[in-house]
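Peer 1: First, the structure itself, so that you have it in front of you.
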Amino acid sequence: MWKLYKYNGHYIMGDLISSHKTESAAMKKAKKELTFKHTEKEKKSTGLYIWLDDQNHAPVGVIFQKKNDKKGV
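Numbers 0 to 72, taken from numbering that gives the first Met the number 0, label the letters of the sequence shown in order.
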């Protein structure tokens, strides 16, 4: 599940805007809701982050997909 968050002035993952099943759907919604110029993908142990920045590289929001740990498989 991909989740789109908007920067609320205090936290980058501040306000949840929407949830999507695919990355492309989340990016399409981000283009409608947020004005950003730069994106950067980052893999962490907790999941996959796509950072959304404006033209001055200030944070605007983030798209996050939580990593699914499959135990016992």
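Where is the CB? At the ideal position from N, CA and C, for every residue including glycine.
(1) In three-state terms, what does DSSP make of residue 23?
(2) Short of 6 Å in beta carbon distance, which residues of its chain neighbour residue 40, apart from the five on each side in sequence? Order them along the chain.
(3) Report the residue from 38, 37, 36 and 16 whose alpha carbon sits nearest the alpha carbon of residue 28.
(4) Apart from the five residues just before and just after residue 54, which ones in its own chain have a Cβ nearer than 6 Å to its Cβ?
(5) CA-CA distance, residue 26 and residue 51?
(6) Please classify residue 5: is it buried, with 16 or more other beta-carbons within 10 angstroms of its beta-carbon, or exposed?
Peer 2: Let's see:
(1) Here residue 23 corresponds to residue number 24 of the sequence shown, with the count starting at 1. Helix, per DSSP.
(2) Counting from one through the sequence shown, the residue named residue 40 turns up at place 41. So the list reads 49, once near-sequence residues are dropped.
(3) Looking up residue 28 in the sequence shown gives position 29. When only C-alpha atoms are compared, the closest one is 16.
(4) The residue labelled residue 54 in the question sits at position 55 within the sequence shown. Contacts found: 36.
(5) On the sequence shown, position 27 is the one that residue 26 refers to. On the sequence shown, position 52 is the one that residue 51 refers to. Roughly 10 Å between the two C-alpha positions.
(6) If you number the sequence shown from 1, residue 5 lands on position 6. Buried, by the Cβ-count rule.
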